[in-house]
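S.K.:
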Amino acid sequence: MESSNKHLFSTSKDLLSRTEKEKLLNQKGIVIWLTGLSGSGKTTLAKAVSKHLYKNGFLTQVLDGDNIRLGINNNLSFSTKDREENVRRTAEIAKLFVDCGVITICCLVSPTEKIRSLAKSIIGEDNFFEIYINTPLNICEERDVKGLYKLARKGEVKNFTGISAPFEAPKLPSLEIKTEGANIAASSQKIINAILPKISFNK
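Per my numbering, residue -15 is the first one in the sequence shown, and the count goes up by one each step.
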């Protein structure tokens, strides 16, 4: 009986391989992990890159930190522990997409080296392309599209990255995008140029 039960839960050998799925999609799966302050432009760039890739025949999935928190992670706060869990769950989801050959763009503040290392360890170094969206704090505050910086300055939002919680800039990101003085088209094109060799399927 025990061996029979093991067989029931050991189904991975019966599934289609990642290579077979990538061949079907004519692309290679990868996780593009965008990190940066709130308001740095992560989601805006992710949407621009996703639309460009779609027009050129690539299938993508954007996992935005805000939207993820509305659903599967709606029980998490912004404490250090819950931030780590937010990243862990998102990374696990991203890994499933990549295993299906989907180009997955994750937009999370993911403020510390420890948290980003956690994501990389789950997804796998070969599948993890980290991009630091480097936007000065004062510009992020000027944008403040959600009004969160004002609330954080008043002390009404606790553990807010850049104000009452630290942000550790990546030491060796795969790519750094400095958005100050740059437009969306130019910044997104830099990302596209960097990832195209990694997502193009060689038959």
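Where is the CB? At the ideal position from N, CA and C, for every residue including glycine.
Terminal residues of the continuous beta strand (DSSP E) containing F113?
M.R.: As a working mapping, residue 113 is identified with position 129 in the sequence shown. 112 to 118 is the span of the beta strand (DSSP E), which, as asked, contains F113.
S.K.: Can you find the residues in the same chain that come closer than 8 Å, C-beta to C-beta, to N186, ignoring five residues on each side of it along the sequence?
M.R.: Position 202 of the sequence shown, counted from the start, is the residue given in the question as residue 186. Excluding residues within five positions, none has a Cβ falling inside 8 Å.
S.K.: Going by beta carbon distance, what residues of the same chain come within less than 6 Å of L159, once the five residues before and after it are set aside?
M.R.: Stepping through the sequence shown from its first residue, residue 159 is reached at position 175. Excluding sequence neighbours, L159 sits near I115, A178.
S.K.: Rounded to a whole number of angstroms, what is the C-alpha to C-alpha distance between I145 and S94?
M.R.: The residue given as residue 145 occupies position 161 in the sequence shown. The residue given as residue 94 occupies position 110 in the sequence shown. Looking at the sequence itself, residue 145 is Thr, so the reference to Ile does not match. Approximately 9 Å, taken between the alpha carbons.
S.K.: Comparing alpha-carbon positions, which option in T96, L156, R137, R100 lies nearest P150?
M.R.: Position 166 of the sequence shown holds residue 150. Looking at the Cα atoms, T96 is the closest of the given residues.
S.K.: Which partner residues of D48 appear in the DSSP bridge assignment?
M.R.: Here residue 48 refers to the residue found at position 64 of the sequence shown. In DSSP, D48 forms a bridge with C91.
S.K.: Could you tell me the distance, in whole angstroms, from the CA atom of T19 to the CA atom of I99?
M.R.: Taking the first residue of the sequence shown as position 1, residue 19 is located at position 35. Taking the first residue of the sequence shown as position 1, residue 99 is located at position 115. Their backbone Cα atoms lie some 11 Å apart in a straight line.
S.K.: Taking the beta strand (DSSP E) that E69 falls in, what are its first and last residues?
M.R.: Reading the sequence shown from its first residue, position 85 is the one you call residue 69. First-last for E69: 64 to 83, but that is the alpha helix (DSSP H), not the beta strand (DSSP E).
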